[in-house]
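Heads up, the sequence shown is in full-length UniProt numbering, so the first residue is 1 and it goes up one at a time. Everything on this sheet refers to the single structure shown next.
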Amino acid sequence: MTFRRFVALGDSFTEGVGDPDPSLPNGVRGWADRVAAVLGERADGFGYVNLAIRGRKLRQVLAEQLEPALALEPDLVTIYAGGNDIMRPSVDLDALVAAYDDAIGRLTATGSRVVVFTAFDPAGFPIFAAGRGRFAIYNELVRESAERHGATLVDFWRMRDYRDQRMWADDRLHMSTPGHQRMAIAVLDALEVEHDLRPLPLPELASVSARERLAANRTWVLTHAGPWVKRRLTGTSSGDTLSPRWPAYER
């Protein structure tokens, strides 16, 4: 199938955080840009919009991005939201995904091809492992919604490549450049679009002593975890001062 109007909705996952490129808006590239580059080679007059902004919770994504996306009349939409919600122990997953389900239904009702994602499996990630049950429940609800509306599902939960720490950026929260490349491949494969993308080579794993590991963890807490907790306590977001990277069709 040839797609001519691609709109991407979501949070940091879709904005491209973890895949730095100072030459691009917000200083990142990401899997959606990589998918758009492939699709643009296959269709004359191809247009791409990316409305995703880091830090957005699911209801913010829907409130800010859904209506603009519908107005753009895309024939391909990707949407991933909820990752910033399910990390909070008090989240009402049923109510959360009910709102998500309604949005997915509105998107598929237009005739657009809609791609949705499960959340990754946090097994082996100490900072998220305690919430693995919430991730699993969210994922099952998303799978049901995808089936109900005929959306295409990219099952991030089952992608075991991401058990490798090199698929994650230094902040341990976002995919690295190889991680974004791998996700672009998964999306194109799910769409059954021919492409020549291949996994990027991973850096060699260095042998790390217990003392070096402790020092690295301390640096991570100061550099990434601490600021993240502070934002949560103060009700601020890393995306508060940012705008969508590609707000109008880019050709």
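Every residue gets a Cβ at the ideal spot worked out from N, C-alpha and C, and that includes glycine. Just so we're clear, the structure is a prediction, and the values are computed from it rather than from any experiment.
- For N50, the enclosing beta strand (DSSP E) covers residues 47-50.
- In the three-state reduction of the DSSP assignment, E250 falls in the strand class, which pools E and B.
- The beta carbons of D121 and W157 sit closer together than 8 Å.
- The C-alpha of A206 is placed about 32 Å away from the C-alpha of F117.
- Approximately 10 Å separates the beta-carbon atoms of L72 and T110; this is outside 8 Å, ruling out the contact.
- With fewer than 16 other beta carbons inside 10 angstroms of its own, D92 counts as exposed.
- Its Cα nearest to that of P89, the residue G133 stands out among T223, R198, G133, T14.
- In the structure shown, V35 falls within a helical segment according to DSSP collapsed to helix, strand and coil.
- Contact between the region 145-155 and the region 187-196 is present: three or more C-beta pairs spanning the two stretches fall below 8 Å.
- In chain order, R5, F6, V7, S112 place their CB closer than 7 Å to the CB of P74, counting only its own chain and leaving out the 5 sequence neighbours on each side.
- Every alpha helix (DSSP H) stretch that sits fully inside the region 94-147 and reaches 4 residues is listed by chain position as 126-129.
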